[in-house]
Amino acid sequence: MATNIVMQQPGTTMVMAQSSEWSSGICDCCDDMADCCCAFWCLPCYACKVSKDHGECTCLPLLEYAACGGGACIPAISLAVRVSVRRTYGIQGSICNDCLYATCCYPCSWCQVSREIKARQSSIVYRAA
Numbered sequence: 001m002a003t004n005i006v007m008q009q010p011g012t013t014m015v016m017a018q019s020s021e022w023s024s025g026i027c028d029c030c031d032d033m034a035d036c037c038c039a040f041w042c043l044p045c046y047a048c049k050v051s052k053d054h055g056e057c058t059c060l061p062l063l064e065y066a067a068c069g070g071g072a073c074i075p076a077i078s079l080a081v082r083v084s085v086r087r088t089y090g091i092q093g094s095i096c097n098d099c100l101y102a103t104c105c106y107p108c109s110w111c112q113v114s115r116e117i118k119a120r121q122s123s124i125v126y127r128a129a
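What follows is the structure in structure tokens.
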């Protein structure tokens, strides 16, 4: 008579600290001077880097430049990435504010999203299950 032995190894779970606010303000660009300079001098490259850091397609923001000619319309991709980051980390806000920031404060919005991703990734705690 054969017996089946089932073994299960302990796994890991990720626990992220959740807060309902952005970790930095929209005008706190100078908190990270390297990112601030990168966003100022080469915003398309910077937006691609931030998009990649969030797990999206690296070249996604370039579609925005192709479609809008560098800012002649509402930046749908910047808006979508901002909303995605806000929802991923449980940050309170509205689509209206996201649209306002992505349209009127374009570089600052990308800098804020980048700072948030960095802050949240550094606060991940791994525990053995």
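If you use UniProt numbering, the sequence shown corresponds to residues 1 to 129, in order.
Idealized CB from N, CA, C, for every residue including glycine.
Computed from a predicted model, the values in this text were never measured in an experiment.
Proximity below 8 Å, CB of residue i to CB of residue j
i    : j    : result
Q112 : I26  : yes
D35  : S24  : no
A39  : S78  : no
V81  : E56  : yes
P61  : A47  : yes
H54  : I117 : yes
I91  : W41  : no
Residue i - containing alpha helix (DSSP H), residue span
i   : result
E64 : 60 to 68
S84 : 76 to 88
S24 : Here S24 belongs to no alpha helix (DSSP H), and DSSP marks it neither H nor E.
C37 : 33 to 41
Pick from the options that is closest to residue i, judged by C-alpha positions
i    : options             : result
M33  : S114, L62, S94, G90 : S114
C73  : Y106, A47, S94, G55 : Y106
C108 : G93, L43, L63       : L43
T88  : Y46, C48, R120      : R120
S20  : G93, L63, C29, C59  : G93
V85  : A67, C37, W110      : W110
Entirely enclosed alpha helix (DSSP H) segments - the region 96 to 125, minimum 4 residues: 106 to 122
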